[in-house]
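Residue numbers (our numbering): 282 to 499. In what follows, a single structure is set out as structure tokens and then discussed.
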């Protein structure tokens, strides 16, 4: 069920692969923490925010699991209940006295490799106003984890691999030449993540904000 927007939407800049994943049904998005946590002297993970240390995770010696301190969610850029609109590469198309919007992601989906079929210059995603947005979501839940800890189910929630359990799937996004049938979901997501954040990002094992998203109705 879609949520009705009652709070002012906030922009979230997304790259083309993320946009195409959301259009393809993704219900999660992972965003690297701008300031990465570090190990403190006790061997626990700390995060420095506004000159205050937040212990976000520690190793439980009893059951051998990495536990999380839920207080860290208060420093997330987006909170549960926030409405976000995706800021993507775009342009305006004037036609018969009206303004229409065109999106670069659609060019890739159509196999045009990002070229604008209308000959207009693309505008940066950071410049997109709310009225030009077509993807609006509500943050249902937020947590933090290492990017390599993504589960198979979450890989599919990011729309990497199509429908969960599907066979003979084409991984990636429309217009891409690569077939990834020989990769499992986590391997496919590692490729997806590196395409966004660079070839070393997966090996670096970034800490990421994980946002579960639901549709929002304007």
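Cβ atoms here follow ideal geometry from the backbone N, Cα and C, with glycine treated the same way.
475 is the residue among 490, 475, 492 whose C-alpha sits nearest the C-alpha of residue 484.
Around the beta carbon of residue 368, a 10 Å sphere encloses 16 or more other beta carbons of the protein chains shown; the residue is thus reported as buried. Within the same chain, and ignoring the five residues on either side of residue 311 in sequence, the residues whose Cβ sits closer than 6 Å to its Cβ are 489, 491.
In this structure the segment 406 to 419 touches the segment 294 to 307; the number of beta carbon pairs closer than 8 Å is three or more. Residue 357 and residue 294 do not touch by the CB rule: their CB atoms are close to 16 Å apart, not below 8 Å.
Taking a C-beta distance under 9 Å as the contact criterion, residue 378 and residue 388 do not qualify as a contact pair. Assignment of residue 493 by DSSP, reduced to helix, strand and coil, places it in the strand class. Here residue 317 is exposed, its C-beta having fewer than 16 other C-beta atoms within 10 Å. For residue 365, DSSP records a beta bridge to 291, 418. With at least 16 other beta carbons inside 10 angstroms of its own, residue 494 counts as buried. No Cβ-Cβ contact shorter than 9 Å links residue 407 with residue 297. Residue state for residue 428 is assigned as helix, using DSSP reduced to three classes. Residue pairing of residue 383 in beta bridges, as defined by DSSP: 372.
Relative to the Cα of residue 432, the nearest Cα in the group 420, 466, 390, 440 belongs to 466. Between residue 439 and residue 309, the CB-CB gap stays under 9 Å.
The Cβ atoms of residue 487 and residue 427 lie closer than 9 Å to each other.
Looking from the CA of residue 403, the closest CA among 372, 421, 412 belongs to 372. About 19 Å separates the beta carbon of residue 421 from that of residue 441, a gap too long to meet the 8 Å contact definition. Under the 10 Å beta carbon count, residue 380 is surrounded by fewer than 16 other beta carbons and is classified as exposed. As the crow flies, the alpha-carbon of residue 480 is around 32 Å from that of residue 290.
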